[in-house]
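For reference, the structure discussed in these notes is given below.
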Amino acid sequence: MHDRADLLVCGDHVLPMTDGLPVLADAAVAVRGRDIVAVGPRADLERAHPGADRISGGIVLPGLVNTHGHAAMTVYRGLMDDVPLHEWLVKYVWPAEKRFTSPENVALGTELAVAEMFASGTTTFADMYFFENEVGRVCAEAGMRVLLGQAVLAFETPDAPSADASIETGAALAAKYGGHPLVSVSLALHAVYTVPPEKLRKGAAMAAKWDVPIQIHVSESRREVADCVAAHGVTPPRLLADTGVLRKGTICAHGVHLTEEDRALIRDAGAGVSLNPESNLKLGSGVPDIAALLASGMRLGLGTDGAASNNDLDLWDAVRLAALLPKGRDEDPTAVPAREAVRLATRGGAELLSMGDRIGTLEAGKRADLCVVDTSSPHMTPLFDPYAHLAYGTRGSDVVHTVVDGRVVYRDRRHATIDAAAVAARVRALAPRIAESAGLRGPARR
Ligand SMILES: [Zn+2]
1 MHDRADLLVC GDHVLPMTDG LPVLADAAVA VRGRDIVAVG PRADLERAHP GADRISGGIV
61 LPGLVNTHGH AAMTVYRGLM DDVPLHEWLV KYVWPAEKRF TSPENVALGT ELAVAEMFAS
121 GTTTFADMYF FENEVGRVCA EAGMRVLLGQ AVLAFETPDA PSADASIETG AALAAKYGGH
181 PLVSVSLALH AVYTVPPEKL RKGAAMAAKW DVPIQIHVSE SRREVADCVA AHGVTPPRLL
241 ADTGVLRKGT ICAHGVHLTE EDRALIRDAG AGVSLNPESN LKLGSGVPDI AALLASGMRL
301 GLGTDGAASN NDLDLWDAVR LAALLPKGRD EDPTAVPARE AVRLATRGGA ELLSMGDRIG
361 TLEAGKRADL CVVDTSSPHM TPLFDPYAHL AYGTRGSDVV HTVVDGRVVY RDRRHATIDA
421 AAVAARVRAL APRIAESAGL RGPARR
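Residue numbers (the numbering used here): 1 to 446.
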């Protein structure tokens, strides 16, 4: 039989995240090669595919899509906390990056990030960093889906002397990974305060030429917006619209301080916002108006941001905050229901990254990217509504299996493609030198 599945993923509840957000009880997802071939009643699919490998658990849903971050920054996790964004960047992060951001350390930090993301159900992430070729290599080997983003800044960076050189690197990445099953490419213009308008314009033209999305930090802090208005007379989204950066598929990270006009500009351009509420809280940047962003109808996804400002890559925290913050902010318990928050982390993120044709829902013809959440533990008992558990009770460690592109990369809470313990040991060995260079004490020994 030519359509015989080689993998069956069974769940007490399967959430395909298709229109209407249905809940399928006692169901399964049949996978052949990279693709989903059927979603339906467990008994029917077991009968139709008797020889298939089988994994199962409480809730099966599309893999989480982490729409903003800097994966390799796991090596700077907890380096410096409880200081403002500007001081954090200028005094600690940029000096540490200058010294330690090498191809080897980017590969190492990315491996640690991928291990952490697989173990919490993330199957795709958008990255913005340096030596992105290493990020692509690590992800291809580990079996992670990624949107690379070569970072462009107007000053010397760890991997380039100038913005023009970074854009050249972006061109090489776009050429190298065109058509790759797991690795896609974007151009990451860092922000309006680090990339001048003429380079924004050039980057936008190049991204259009290569037909890749743009990633950029937008209106993350009040200071960023005030400085932009003082320097250019307009808000960051208006400046991005004027320079061509705000176009179809552009991913605006943060969007904490947006006006109604800003939101309309982003929506009308076919762009969207990656919400990173945990990073915003930690850096004291503010609370994004998630209800207003949703109401605008723009593309919206969730992100963790880098591990140095979160401090973990568990996207379930972002799901919970996306459901809770609007309720507190607006004093309205009906704002952003649980299922909407889960949709943002899966289908919303896939659409934000312009991957909605391949991933984000569980239906025949899409790539098999999914995760399975255990619901047998005390904090998940009893279960009336799986969406409520996912939004309000689930943490990364509840994920038992993760599948990317049809490959089981995490099975029964064990990594199949990464030696996570060895990677962690190598990062621990590097940490004292990082601390010393930042003028800090080394991490506690263990
Ligand atoms: Zn960021």
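Built from N, CA and C at the ideal position, the CB exists for glycine as well.
Heavy atom of ligand 1 within 7 angstroms of residue i beta-carbon
i, result
"D82", "no"
"M447", "This structure does not reach residue 447, given that the chain is present from 1 up to 446, and the question cannot be answered."
"G109", "no"
"A113", "no"
"A253", "yes"
"G40", "no"
"G178", "no"
"G284", "no"
"H86", "no"
"H257", "no"
"G301", "no"
"D317", "no"
"H217", "yes"
"G272", "no"
"H68", "yes"
"G306", "yes"
"M355", "no"
"M128", "yes"
Test item: CB-CB of residue i and residue j under 8 angstroms
i, j, result
"V342", "L390", "yes"
"P213", "I251", "yes"
"L108", "D127", "no"
"F218", "L189", "Before going on, a small fix: residue 218 reads as Val here, not Phe. No, they are not a contact pair."
"V31", "V39", "no"
"A307", "R34", "no"
"P103", "E134", "yes"
"A322", "L302", "yes"
"T417", "A142", "yes"
"R145", "T124", "yes"
"P333", "A291", "no"
"A115", "Y129", "no"
"D314", "R428", "no"
"T169", "A175", "no"
"P197", "T157", "no"
"Y392", "A338", "yes"
"T110", "A71", "yes"
"V372", "V399", "yes"
Rounded Cβ spacing between residue i and residue j (contact assumed at less than 8 angstroms)
i, j, result
"D405", "R367", "5 angstroms"
"S221", "S285", "5 angstroms"
"V37", "A364", "6 angstroms"
"A154", "A163", "5 angstroms"
"A269", "E224", "Not really, about 19 angstroms apart at Cβ, beyond 8 angstroms."
"L8", "H49", "6 angstroms"
"L293", "R320", "Not really, about 17 angstroms apart at Cβ, beyond 8 angstroms."
"L45", "L15", "Contact flag wrong, Cβ pair sits at about 16 angstroms."
"N276", "D317", "Not a contact, Cβ separation roughly 10 angstroms."
"I167", "K202", "7 angstroms"
Of the residues the options, the one placed nearest residue i, counting alpha carbons only
i, options, result
"Q215", "T169, S274, G11 and T346", "S274"
"G356", "L64, L7 and P161", "L64"
"C10", "P236, G57, G20 and P197", "G57"
"L352", "I359, V372 and L300", "L300"
"A5", "S120, R54, V14 and P41", "R54"
"V23", "H254, T122, L362 and H379", "L362"
"L258", "G244, G249, T235 and E111", "T235"
"L430", "A174, A96, N66 and K202", "A96"
"I173", "L187, S279 and P41", "First, the amino acid is wrong: residue 173 is Leu here, not Ile. The candidate whose alpha carbon is nearest that of L173 is L187."
"T346", "T122, D398 and P237", "T122"
"A52", "R99, D26, D3 and L85", "D3"
"V83", "K282, E331 and A421", "K282"
"A420", "A25, M17, F118 and P41", "F118"
"S309", "D330, L85, P41 and V403", "L85"
"A231", "L265, N105, T194 and A208", "T194"
"G249", "N280, S354, D385 and A226", "S354"
"D81", "L200, D312, I167 and L112", "D312"
"V245", "V408, A204, N280 and Y410", "A204"
"A25", "M17, T18, D12 and D19", "D12"
"L370", "R358, L79 and D227", "R358"
"L79", "F100, R414, V93 and L200", "V93"
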